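Residue numbers (the numbering used here): 53 to 423. Down below is the structure, laid out as structure tokens.
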């Protein structure tokens, strides 16, 4: 329910007489008045800056590799495109699988602690990726980096939101949400410049000092928040089953081209994925505090919002792979041209998020969706 505010009249003559009753139009006009935006403390803006820059870092590393796939493959003798592709897939699998558990851990042991540990792990994984001597080492480093990124994302937003008044939280979420696409958008262009002047290892290494700088800023500017009391046991079964389900599904799809989509091995891996998914769903209904609360999907708004987000995610994430390959192999773009060509769309999306988040504060989220 929207919060109403008293209408302050400028002079005594504006006060209606006792026998006057408000008309329907007057009632509608008053009901449409929204409360003025509350002020935000400097501490809240500083915390949002740290959280958003850390999110930019995670977004950057989600797409920077896509421009460097050919260079990475050339750096490892005998490596196939599928081998290198696991570095991209491993990052998204690790992020998706660990994200819910990371949020639970942040609530349990401290949001700032998880955020800071995530930044340290992100810096280390960037160094491991840059110095990897084999494809396997590189891919494992990318999975570690995904876990670190998954720890950063929920903890960063959880640290910021309580500092903002309720009327300004849409703006905070919008700014934070724009950071990821912004980082992902500038990554191809930055990576292309690095590849033209240094090499693919520097594409990974450049994230290490940035993560350490964010760690230092977090120590100074972020405050730990109290953890919720009376928490249930962690849903470790759900975490394991969900991770295995996602990993098996992606393995069957990616390796099916090599093993054969009708081969026994592909069928076995796919069956493991389906069984793990069934275990995950069943456990989510039975656990007192599941990793994914499926009961929320009974709410129409939650269901529709997640469905739309899922469809947008499928199209947007696939573009990060398809666009660079199409530009390079069909249009014969150089690496630098590919990087610049991919960059513009996500940057525009990021700035659109900033604009519409402020608009949502004024007309409401429902009004913005209808618009």
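By construction, the Cβ of each residue, glycine as well, lies at the ideal position given by its N, Cα and C atoms. Source: prediction; values computed, not measured.
Item, Value
"Count the CB pairs spanning the region 354 to 364 and the region 196 to 210 that are closer than 8 Å, and state whether there are at least three.", "no"
"Can you tell me the Cα-Cα spacing of residue 290 and residue 229, whole angstroms?", "27 Å"
"Just the Cα atoms here: how many angstroms apart are residue 362 and residue 266?", "30 Å"
"From the DSSP output, in three-state form, read off residue 80 for me.", "At residue 80, the pLDDT of 41 sits below 50, so the modelled position is not reliable; the number obtained from the coordinates is stated separately. Residue 80 falls in the helix class under three-state DSSP."
"Cα separation between residue 99 and residue 276?", "11 Å"
"Between which two residues does the alpha helix (DSSP H) holding residue 108 run?", "94 to 119"
"Can you round the beta-carbon distance between residue 197 and residue 143 to whole angstroms, since I take them to be within the 8 Å contact cut?", "7 Å"
"Pull up the CB-CB distance for residue 92 and residue 220, whole angstroms please, since I reckon it's below 8 Å.", "5 Å"
"Evaluate residue 60 with the Cβ neighbour count: other Cβ atoms within 10 Å of its Cβ, from every protein chain shown; 16 or more gives buried, anything less gives exposed.", "Only weak support exists for where residue 60 lies, its pLDDT of 39 falling under 50; the value from the coordinates is given anyway. Exposed, by the Cβ-count rule."
"Can you tell me where the alpha helix (DSSP H) holding residue 346 begins and where it ends?", "Residue 346 -> no alpha helix (DSSP H), and no H or E assigned at all."
"Could you check whether residue 107 and residue 308 sit closer than 8 Å to each other, using their CB atoms as the reference points?", "no"
"Whose C-beta lies closer than 6 Å to the C-beta of residue 112 among residues of the same chain, with five residues either side of it excluded?", "235, 239"
"Please state whether the Cβ-Cβ distance between residue 391 and residue 119 is less than 8 Å.", "yes"
"Looking only at its chain, what residues have a beta carbon closer than 7 Å to the beta carbon of residue 158, apart from the 5 residues adjacent to it on each side?", "166, 206, 207, 210"
"By Cβ distance, which residues of its chain are closer than 7 Å to residue 263, with the 5 residues on each side in sequence left out?", "109, 171, 174, 175, 178"
"According to the Cβ coordinates, are residue 148 and residue 298 closer than 8 Å?", "yes"
"Quick one, which of 323, 314, 312 has its alpha-carbon nearest residue 502's?", "The requested residue 502 does not occur in the structure, where the chain is confined to residues 53 to 423."
"From residue 294 to residue 397, what does the alpha carbon distance come to, in whole angstroms?", "32 Å"
"With a CB to CB cut of under 6 Å and the five nearest residues on each side skipped, what residues in its chain are close to residue 138?", "191"
"Give the straight-line distance between the Cα atoms of residue 256 and residue 181, rounded to the nearest whole angstrom.", "6 Å"
"Does the distance from the CB of residue 271 to the CB of residue 125 come in under 8 Å?", "no"
"Could you check if residue 285 is buried or exposed, using at least 16 other CB atoms within 10 Å of its CB as the buried criterion?", "exposed"
"Using DSSP with H/G/I as helix, E/B as strand and the rest coil, what is residue 384?", "coil"
"Among 407, 367, 393, which one has its Cα closest to the Cα of residue 378?", "393"
"Beta-carbon within less than 8 Å of residue 141's beta-carbon, same chain only, minus the 5 sequence neighbours each way: which residues are those?", "302, 306"
"Which runs of the beta strand (DSSP E) fall wholly inside the region 180 to 237 and span at least 3 residues, in chain order?", "none"
"Quick one: what's got a C-beta closer than 8 Å to residue 321's C-beta in the same chain, skipping five residues either side?", "300, 303, 304, 307"
"In its own chain, which residues sit with a C-beta less than 6 Å from the C-beta of residue 187, not counting the 5 before and 5 after it?", "128, 131, 135"
"Which word fits residue 252, buried or exposed, when buried means at least 16 other C-beta atoms lie within 10 angstroms of its C-beta?", "buried"
"To the nearest whole angstrom, what separates the beta carbons of residue 405 and residue 226, a pair I think is in contact under 8 Å?", "5 Å"
"If you draw a straight line from the C-alpha of residue 381 to the C-alpha of residue 400, how long is it?", "25 Å"
"So for residue 128, helix, strand or coil by DSSP?", "coil"
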